[in-house]
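Asker: First the structure, which I've put down as structure tokens, then a few questions once you've had a look.
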Amino acid sequence: DAGITQSPRHKVTETGTPVTLRCHQTENHRYMYWYRQDPGHGLRLIHYSYGVKDTDKGEVSDGYSVSRSKTEDFLLTLESATSSQTSVYFCAISETGNYGYTFGSGTRLTVV
Amino acid sequence: EDKVVQSPLSLVVHEGDTVTLNCSYEVTNFRSLLWYKQEKKAPTFLFMLTSSGIEKKSGRLSSILDKKELFSILNITATQTGDSAIYLCAVEGGSEKLVFGKGTKLTVNP
């Protein structure tokens, strides 16, 4: 998918456990984003990054943290997973910061 | 706070019908409006609109923006079952991120 991959593709985890999702790009794009998608809510921004070690919160950042130590990798961590974090998570990349986002294939996370 | 509202949320049509999907927005320092199509996986880019009244067209799909009334429409003519998808509208404002609407789920029956 245009040089962006997410891992894992599917994950089932137990409430209270830590979970890390990975987004990897080979496009050398500056901007990277994590969204979650839920029925009735569309795509909502969790966190985004505008460069190595430069990150900021989106509209639904509570319970999530991110890290970007290299241009190509953007990690999303759920420190202690809750059932409300069951969702499909999409990573996106952009060169200019806004238009022309390219999305990864998504990670389906189930917290039981 | 930037806001995008899409309507209808769901639409069922027959092959060959023409559909119009709506997107209204409120955004600070508007820069562009984008349409995406989402089938089973990742959203894929359709159009980016920045100027009022200029239609963007790709095959049977077209879109136009009205910056005065703060809305955009996405038209699909002669629909096919392969057009069944969720259509997402997003706006780009002064910040470095897109704000998405909830999407319109289009189902095209044979």
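Quick note, the sequences are listed as chains Y and R, same order. Here the working numbering is used: the first residue of the first sequence is 951, the next is one more, and so on. Here the working numbering is used: the first residue of the second sequence is 68, the next is one more, and so on. Built from N, CA and C at the ideal position, the CB exists for glycine as well. Keep in mind it's a predicted model, so treat the numbers as computed, not measured.
By DSSP, does Y:T970 sit in helix, in strand, or in coil?
Answerer: Reading the first sequence from its first residue, position 20 is the one you call residue 970 of chain Y. Three-state DSSP puts Y:T970 in a strand.
Asker: Here's the rule: buried if 16 or more other CB atoms are within 10 angstroms of the residue's CB, otherwise exposed. What is R:V21?
Answerer: Past the boundaries of the shown model lies residue 21 of chain R; chain R is included only from 68 to 177, so the question cannot be answered.
Asker: Using beta carbons (cut-off 7 Å, strictly below), is R:F167 in contact with chain Y?
Answerer: What you label residue 167 of chain R is simply residue 100 of the second sequence in a count that begins at 1. Chain Y contact via Cβ: present.
Asker: Within this structure, are the beta carbons of R:R127 and R:T144 separated by less than 7 Å?
Answerer: As a first step, residue 127 of chain R is located in the second sequence; it is residue number 60 there, counting from the start. As a first step, residue 144 of chain R is located in the second sequence; it is residue number 77 there, counting from the start. Taking a C-beta distance under 7 Å as the contact criterion, R:R127 and R:T144 qualify as a contact pair.
Asker: Considering only residues of the same chain and omitting the five flanking positions on each side of Y:V1061, which have a CB-CB separation below 7 Å?
Answerer: In the first sequence, residue 1061 of chain Y corresponds to position 111, counting from 1. Excluding positions up to five away in sequence, the list reads T963, T965, A1031, T1032, S1033, Q1035 and T1036.
Asker: Which residues in chain R sit within 9 Å of Y:Y1051, going by Cβ to Cβ distance?
Answerer: Indexing the first sequence from 1 puts residue 1051 of chain Y at position 101. Going along chain R in sequence order, the residues near Y:Y1051 (Cβ under 9 Å) are L101, Y103, P110, F112, A157 and L165.
Asker: Is the distance from the Cβ of R:S139 to the Cβ of R:L100 below 7 Å?
Answerer: Working through the second sequence from its first residue, we reach residue 139 of chain R at position 72. Working through the second sequence from its first residue, we reach residue 100 of chain R at position 33. Yes. Within cutoff.
Asker: Taking C-alpha atoms, which residue in R:Y103, R:L165 and R:K124 lies nearest to R:K70?
Answerer: Counting from one through the second sequence, the residue named residue 70 of chain R turns up at place 3. Ranked by how close their Cα comes to the Cα of R:K70, the residues R:Y103, R:L165 and R:K124 have R:L165 in first place.
Asker: Provide the residue span of the beta strand (DSSP E) that contains Y:H979, from first to last.
Answerer: Translated into the one-based positions of the first sequence, residue 979 of chain Y becomes position 29. Where Y:H979 is concerned, there is no enclosing beta strand (DSSP E), given that its DSSP letter is neither H nor E.
Asker: Is the Cβ-Cβ distance between R:Y92 and R:V175 less than 7 Å?
Answerer: Position 25 of the second sequence, counting from 1, holds the residue named residue 92 of chain R. Position 108 of the second sequence, counting from 1, holds the residue named residue 175 of chain R. No, the Cβ-Cβ distance between R:Y92 and R:V175 is not below 7 Å.
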